[in-house]
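Q:
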Amino acid sequence: MWATLQPPIVCATNTSSSRDGRTKVARSTSIFELAQNPPSSRTTDGAAFDRIFDIRAEVATCSAGLALSEKYGVARDNEQLVVSVSNRFSLEQTWFNEERTNKPQSFKRTDGLLDPTNGGLTCDFCNWKEFTAVDDFGRAERPHAVTGSNLFKYCAPSHGIVLFKNHHPLNFTQAEVADLLSVSQEWISKAHGLHGNAHHPLFVWNCLARAGASQFHGHAQVMLSRVPFPADERMKQVTQLYEAAHPGQNYMIDLVRAHQCTGVLLCCGDAFDRCFSYPSLTPWKDMEVVILGSSIESPSFQKLLYTVLRMLVDDFGAASFNVGIQGIQPQNAENGDVSKPVNWWGENISRVLARVVSRGKLTSMASDFGGLEVLGGASIGHTDIYRIARVLSDRCGEDLINFDDSDLASWLSNKEPASKKC
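Set out below in structure tokens:
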């Protein structure tokens, strides 16, 4: 039997303040409670939630024989609370069931993280000057990171790699992540300077083999294409469909407000450089966290991305992950002109959007992509979004900023209000 639910969520209060004044997400909620007590559409943010999301809770039943019941410790007259969350416009869909955390797994390994390069002795990326290619416009380099050209390209006209100078893929520091992002921006600017009619950049970071990496050494990839990437086109299409269905409303702004309404939206930084983050209601893979910032060179954005990744690795044991960043503006290095920015937010408003997903623990041999994901187009949420929000809130600590509706509205409309640091 599923547990008795706690009192309903109060949608109007998305955060609370601890004794030290720091912003905290609501601690008494779960995705299962949210499904039983959805936000009221009478509030502005609740109406945004209702326009975008369909959330349902149903009890699924089955009978377990005595031997099966005793082996796995489940009730013979079995009832499980199953929650589905669907985005009406993007068609993203995630299913949650707490009982799946007890699912037996036959495919396991005990060796964990193995370095096939013998600690970097045979690693090409450790010897990057000799064993990585160079783009026509050269390299971008900082103390902790350097770019190269991808020798085996899947994107044109420009496809690069961004290397940590530190070999180990999980021992990255905040300074190293900041340099990784900064040289990526420089690479995109240089690539766009050479290919002025290529307007579509993308940053991806596949950490370890489970996430699609072919090399142990920590690295990301940067691309600049003349052809728009499907993720950008889908976002553009969803935005247009949403505005046609709800005149006067902006999809991206309402998406942020919908997550604010559920109590999982966090704000970090300071009055002059802030970013927002939330665990997605419809994660593409487990523990998806979305980060919204002004640019990939924003110190607050860089620090929050680092914090989210350390949370996945250190707090949740997810040693393998993917990072994707959309909305990066290819900026002309000579005159500062911005060329054809991706515009999801509204006229003269530009933000970058990072999506971070866990690809699971290294001890699991099973793929995290099955028929549901590949063919059904849906996903399974193994980790409650409220648990993620609480852990992330604790990790952000003093970087959290108290914010209200007017602060959020100002940031979303490209105006930076003065807010007090917690």
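When you line the sequence shown up against my numbering, it's residues 276 to 697, in that order. Just so it is clear, CB atoms sit at the ideal spot from N, CA and C, and this is done for glycine as well. Just so you know, these numbers come straight off a predicted model, no measurement behind them.
1) Is the beta carbon of Leu530 less than 7 Å from the beta carbon of Cys550?
2) Does the distance from the CB of Cys482 to the CB of Pro432 come in under 7 Å?
3) Restricting to Cα atoms, I'd like to know which of Gly592, Thr407, Gly672, Glu451 is closest to Ser639.
4) Please identify the residue among Cys536, Asn362, Ala310, Gly523 whose C-alpha is closest to the C-alpha of Glu333.
5) Using DSSP with H/G/I as helix, E/B as strand and the rest coil, what is Gly651?
6) Alpha carbon to alpha carbon, what distance is there between Ser500 and Tyr553?
7) Can you tell me whether DSSP reads Trp480 as helix, strand or coil?
8) Quick one, which of Leu637, Val564, Val627, Leu556 has its alpha-carbon nearest Ala594's?
9) Using the three-state DSSP reduction, which class does Tyr553 fall into: helix, strand or coil?
10) When the Cα atoms are used, what is the spatial distance from Cys543 to Asp674?
11) Rounded to whole angstroms, what's the CA-CA distance from Asn677 to Ser668? Just pull it up for me.
12) Report the three-state DSSP secondary structure of Ile463 (helix, strand or coil).
13) Assuming Asp561 contacts Val479 under a Cβ cut-off of 8 Å, what Cβ separation, rounded to an integer in Å, is found between them?
14) What's the gap between the Cα of Gly468 and the Cα of Met498?
15) Are there 16 or more other CB atoms within 10 angstroms of the CB of Arg302, so buried, or fewer, so exposed?
16) Between which residues of its own chain and Ala653 is the CB-CB distance below 6 Å, once the five residues before and five after are set aside?
17) Short of 6 Å in beta carbon distance, which residues of its chain neighbour Glu609, apart from the five on each side in sequence? Order them along the chain.
18) Could you name the residues of the same chain whose beta carbon sits closer than 7 Å to that of His521, not counting the 5 residues immediately before and after it, in chain order?
19) Using C-beta distances below 6 Å, list every residue in its chain close to Leu687, excluding the 5 sequence neighbours before and after it, in chain order.
20) Between which two residues does the beta strand (DSSP E) holding Ile566 run?
21) Checking the sheet assignment: what are the DSSP bridge partners for Thr422?
22) Buried or exposed: Gly611, going by 16 or more other Cβ atoms within 10 Å of its Cβ?
23) Residues in its own chain within less than 7 Å of Pro282 by CB, not counting five upstream and five downstream?
24) How big is the Cα-Cα spacing for Thr376 and Ile655?
25) Is the region 451-467 close to the region 483-490, with three or more CB pairs under 8 Å?
26) By the three-class DSSP mapping on this structure, what secondary structure does Ile571 have?
27) Could you work out which residue in Lys378, Glu572, Phe576 is closest to Gln606 when comparing CA atoms only?
28) Which residues in the same chain have their Cβ closer than 6 Å to the Cβ of Ser365, if we skip the five residues on either side of it in sequence?
A: This is what the structure holds:
1) Residue 530 sits at position 255 when you count from the first residue of the sequence shown. Residue 550 sits at position 275 when you count from the first residue of the sequence shown. Taking 7 Å as the cut-off, the beta carbon of Leu530 is found no closer than this to the beta carbon of Cys550.
2) For the purposes of this step, residue 482 is taken as the residue at position 207 of the sequence shown. For the purposes of this step, residue 432 is taken as the residue at position 157 of the sequence shown. The Cβ-Cβ distance between Cys482 and Pro432 does not fall below 7 Å.
3) Against the sequence shown, residue 639 aligns to sequence position 364. Answer by Cα proximity: Gly592.
4) Residue mapping note: residue 333 aligns to position 58 of the sequence shown, counting from 1. The candidate whose alpha carbon is nearest that of Glu333 is Ala310.
5) As a working mapping, residue 651 is identified with position 376 in the sequence shown. DSSP places Gly651 in coil when its eight states are reduced to three.
6) Residue 553 sits at position 278 when you count from the first residue of the sequence shown. Residue 500 sits at position 225 when you count from the first residue of the sequence shown. Taking the straight line from one Cα to the other gives about 29 Å.
7) By one-based count along the sequence shown, residue 480 stands at place 205. Three-state DSSP puts Trp480 in a strand.
8) One-based indexing of the sequence shown puts residue 594 at position 319. Nearest of Leu637, Val564, Val627, Leu556 to Ala594, Cα basis: Leu637.
9) As a working mapping, residue 553 is identified with position 278 in the sequence shown. DSSP places Tyr553 in strand when its eight states are reduced to three.
10) For the purposes of this step, residue 543 is taken as the residue at position 268 of the sequence shown. For the purposes of this step, residue 674 is taken as the residue at position 399 of the sequence shown. About 5 Å.
11) Within the sequence shown, numbered from 1, the residue matching residue 677 stands at position 402. Within the sequence shown, numbered from 1, the residue matching residue 668 stands at position 393. About 12 Å.
12) By one-based count along the sequence shown, residue 463 stands at place 188. Ile463: helix per DSSP, three-state reduction.
13) Taking the sequence shown and counting its residues from 1, one reaches residue 561 at position 286. Taking the sequence shown and counting its residues from 1, one reaches residue 479 at position 204. Incorrect: roughly 18 Å between the Cβ atoms, too far for contact.
14) For the purposes of this step, residue 468 is identified with residue 193 of the sequence shown, where counting begins at 1. For the purposes of this step, residue 498 is identified with residue 223 of the sequence shown, where counting begins at 1. When rounded, the distance between both Cα atoms is 14 Å.
15) Within the sequence shown, residue 302 is the residue found at index 27, counting from 1. Because Arg302 sits at a pLDDT of 40, beneath the cut-off of 50, its placement in the model cannot be relied upon, and the following sentence gives the value as read from the coordinates. Classification of Arg302: exposed, given that the 10 Å Cβ count is below 16.
16) In the sequence shown, counting from the first residue as 1, residue 653 sits at position 378. Excluding positions up to five away in sequence, the list reads Gln368, Leu647.
17) Locating residue 609 in the sequence shown gives position 334, where the first residue counts as 1. Low local confidence applies: a pLDDT of 46 at Glu609 is under 50, so the model's placement there is unreliable, with the coordinate-based value given in what follows. Hits under 6 Å: none found.
18) Counting from one through the sequence shown, the residue named residue 521 turns up at place 246. Within the same chain, His521 has close Cβ partners Arg326.
19) Here the question's residue 687 lines up with position 412 in the sequence shown. So the qualifying residues of the chain are Ile528.
20) As a working mapping, residue 566 is identified with position 291 in the sequence shown. Its beta strand (DSSP E) spans residues 564-568.
21) Here residue 422 refers to the residue found at position 147 when the sequence shown is read from its first residue. Note: Thr422 sits in a beta bridge opposite Val437.
22) Numbered from its first residue, the sequence shown carries residue 611 at position 336. At Gly611 the pLDDT is 46, less than 50, meaning the model places this residue with poor confidence; the figure from the coordinates comes in the next sentence. Exposed.
23) One-based indexing of the sequence shown puts residue 282 at position 7. Per-residue confidence for Pro282 stands at a pLDDT of 31, beneath the threshold of 50, marking its modelled position as unreliable; the derived number appears in the next sentence. Excluding residues within five positions, none has a Cβ falling inside 7 Å.
24) Here the question's residue 376 lines up with position 101 in the sequence shown. Here the question's residue 655 lines up with position 380 in the sequence shown. If you take the alpha carbons of Thr376 and Ile655, they lie about 11 Å apart.
25) Fewer than three pairs of CB atoms, one per stretch, sit closer than 8 Å, so the region 451-467 makes no contact with the region 483-490.
26) Indexing the sequence shown from 1 puts residue 571 at position 296. Reduced to three states, the DSSP call for Ile571 is coil.
27) One-based indexing of the sequence shown puts residue 606 at position 331. Selected option, being the one with the closest Cα: Glu572.
28) Here residue 365 is taken as the residue at index 90 of the sequence shown, counted from 1. If the five residues before and after Ser365 are omitted, its C-beta is found closer than 6 Å to the C-beta atoms of Val513, all from its own chain and listed in chain order.
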